[in-house]
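First to last, the protein sequences are chains A and B. The opening position of the first sequence corresponds to residue 525 in the working numbering, with each subsequent residue numbered one higher. The opening position of the second sequence corresponds to residue 39 in the working numbering, with each subsequent residue numbered one higher. From the three backbone atoms N, C-alpha and C, an ideal C-beta is built for every residue, glycine too.
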Amino acid sequence: MERRVVISGMGIYSSLGKNLAEVKESLYLGRSGIVFSPDRKEFGYRSALTGFVEKPDLAKVLSRRQRISMGEESEYAYVATREALQNAKIEEALFDEQVIGLVYGNDSVSQAVMESIDIVRQKKDTMLVGSGAIFKSMNSSVTMNLSTIYRVRGINMTISAACASGSHAIGLAYLFIKQGLQDCVICGGAQETNKYAMASFDGLGVFSDREDQPTRASRPFDQNRNGLVPGGGAATLVLEEYESAVRRGAPILAEVLSYGFSSNGDHISTPNVEGPIQAMEMALQQAGLAPGDIEYINAHATSTPMGDANEARALTQLFGSAPYISSTKSMTGHECWMAGTSEVVYSLLMAQHGFIAPNINLEEVDETAKNLSLVKNTINQNFNVFLSNSFGFGGTNSALIVKKL
Amino acid sequence: MSRDEIIDTTNTFLIEEFEVESEVIQPEANLKESLDLDSLDYVDLVVIIESNFGIKLESKDFTNVHTFDDLYDLIGSKLHAIA
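Listed below in structure tokens is the structure:
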């Protein structure tokens, strides 16, 4: 019998709020999480805009030994995962009773690397970086920390796939369950928000320089967009095999219907049209759906001139004007390694509460997107089936189709 | 630096770094058990001793350190050596 993969819990910690309730409110109101950071300007950023995410205080929650190995991205991931597990009604004891896996998207640990190397440069002694530095300085930091805290005994790995990391993490967790290799996998994406993380990205000159209007800077599909704004935080989903979730009495929020992927085989940073189409077609085919069955698309659109235009062309070619489309990056900025998971959480929150969050700052629709049903203002609309796109440097593409149950 | 100053400084940073109550630190008590140290924690002990006293210890320096008193002695001897 075909194994179905369901979402039994989710958690979020982002510039839109510190939990599901706060984030749902921000999405409905079209509230931006973008601020101007004087510290970044001083540091040398061309554009000092960023999604603002507060550092979680975990002093009373985790032991010193647990905290000392955690960088910013792991702290965010812990908070999001704690909420997802509560949401899924998973107590810590379940990790002893059942083999649970962990697959998380993350693609940088800049702050930890910078800080430890600075100490070595100054002190000329590697031991003085302390015992936590190595565990904070590896891309797999999030999974090595979460797997230790929760005593994970199943699959345990980090997925690094640029700005599609969080989406591929869901896709791979889905495949592990679909293939019968795991019954329950925690998955997600995390993104550090410190000034070291995005300096070289800013250096490409692809960030919006509307520093006088932070909340209006990220404007996907708008004719006057002039670049992205970085954001961050973490988002977590609990994926489970349907029968296993039912036996456990777990909440069943949604079903992951398919995972489409592709690689552009093209430029390292400039996206194309064909690669994303290939990923979306694969997702549709695997789900057994026609383009007209998709009710909402959470676009990857980051507010860059070329990226949005090419995604708009791909969406127009595949879907025409049928589905509602918005890019929540208009509010969050580009949450990079985390975005592929956070945008599934955002979309599922919308589906649960019967609305479609707006693509804010969309004043003059770009010529390439004029035939799409872009949502400028919040729409009260029930829907079940949505597609979430994530594309990354190197031309890595991921498209997930999810159905609210 | 007097032995009392070494003890005061050491106890202060041990309490802060390892998040323990001051009562657990007794001169004759076992350092490893009282502070619940694992092998990684000795690296952090090296870091905080360097930052508080300016002396660089190595893992092998802890071979004969069993009690808090032993730790004060070790720090005292290293400080004496550089003085």
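TODO: Going by DSSP, name the residue or residues bridged to Cys687 (chain A).
DONE: A:Ala685
- [ ] Please report how far the alpha carbon of Met39 (chain B) lies from the alpha carbon of Val753 (chain A), in whole angstroms.
- [x] 53 Å
Task: Secondary structure of Glu765 (chain A), DSSP reduced to three states - done: strand
Task: Proximal residues of chain B, C-beta to C-beta of Gly654 (chain A) below 7 Å - done: Val81, Asp82, Val85
- [ ] Determine the chain A residues that contact Leu78 (chain B) at a beta-carbon separation under 7 Å, and present them in chain order.
- [x] Ser655
Task: Per-residue burial, Asn68 (chain B) [other beta carbons within 10 Å of its own, 16 or more giving buried] - done: exposed
Task: Residues that DSSP places opposite Gly784 (chain A) in a beta bridge - done: A:Ala923
- [ ] Kindly say whether Arg588 (chain A), judged by its beta-carbon, lies nearer than 8 Å to any beta-carbon of chain B.
- [x] yes
Task: Extent of the continuous alpha helix (DSSP H) run through Met806 (chain A) - done: 798-811
Open item on the list: Assuming Gly535 (chain A) is part of the beta strand (DSSP E), what are its boundary residues?
Closed with: 529-538
Task: Ranges of the alpha helix (DSSP H) found wholly within the segment 842-892 of chain A, counting only runs of at least 4 - done: 853-856, 860-877
TODO: Could you have a look at Gly816 (chain A) and say whether DSSP puts it in helix, strand or coil?
DONE: helix
TODO: Quick one: which residues of the segment 623-653 of chain A get their C-beta closer than 7 Å to a C-beta of chain B? List them in chain order.
DONE: Asp649, Met651, Leu652
Task: Straight-line Cα distance separating Gly695 (chain A) from Ala685 (chain A) - done: 12 Å
- [ ] Let me know the secondary structure DSSP gives Gln646 (chain A) once reduced to three states.
- [x] helix
Task: Closest by C-alpha distance to Ile776 (chain A), when choosing among A:Leu763, A:Ser782, A:Met806 - done: A:Leu763
TODO: With a cut-off of 8 Å on the beta carbons, I'd call Leu626 (chain A) and Ile710 (chain A) a contact; round off their distance for me.
DONE: 5 Å
Task: Cα-Cα separation between Ser640 (chain A) and Ala774 (chain A), rounded to whole angstroms - done: 42 Å
Task: Simplified DSSP assignment, three categories, for Gly713 (chain A) - done: strand
Task: Within chain A, the residues that Phe56 (chain B) reaches when beta carbons sit closer than 7 Å - done: Arg588
- [ ] Kindly indicate the opening and closing residues of the beta strand (DSSP E) around Leu95 (chain B).
- [x] Looking at the DSSP string, Leu95 (chain B) is not in any beta strand (DSSP E), and its letter there is neither H nor E.
Task: Ala121 (chain B) (DSSP reduced to helix, strand or coil) - done: coil
Open item on the list: According to DSSP, simplified to helix, strand and coil, what is Ile558 (chain A)?
Closed with: strand
Open item on the list: Looking at chain A, is there any beta carbon in it that lies within less than 8 Å of the beta carbon of Glu88 (chain B)?
Closed with: yes
Open item on the list: Under DSSP, the alpha helix (DSSP H) around Ser724 (chain A) begins and ends at which residues?
Closed with: 723-726
Open item on the list: Could you compute how far the alpha carbon of Arg606 (chain A) sits from the alpha carbon of Ser550 (chain A)?
Closed with: 21 Å
- [ ] Using the Cα positions of Ala823 (chain A) and Glu835 (chain A), report the straight-line distance between them to the nearest angstrom.
- [x] 8 Å
Task: Bridge-paired residues (DSSP) for Asp746 (chain A) - done: A:Val889
Open item on the list: Helix, strand or coil for Pro738 (chain A)? Go by DSSP, reduced to three states.
Closed with: helix
Task: Per-residue contacts from Lys116 (chain B) into chain A (C-beta, under 9 Å) - done: Correct list: empty, because the minimum Cβ distance to chain A is about 15 Å.
Task: 8 Å Cβ cut-off: residues of chain A touching Lys98 (chain B) - done: Those do not exist, as Lys98 (chain B) stays about 12 Å from chain A at its closest Cβ, beyond 8 Å.
- [ ] Return the Cβ separation of Ser782 (chain A) and Ala758 (chain A) in integer angstroms, given the expectation that the two are a contact with Cβ distance under 8 Å.
- [x] Rounded, the Cβ-Cβ distance is 24 Å, inconsistent with contact.
Open item on the list: Check for me: the beta strand (DSSP E) holding Leu911 (chain A) runs from which residue to which?
Closed with: 909-916
Open item on the list: Strictly under 8 Å for the Cβ-Cβ distance: is Lys12 (chain B) near chain A by that measure?
Closed with: What is shown of chain B runs 39 to 121, which leaves residue 12 (chain B) out entirely.
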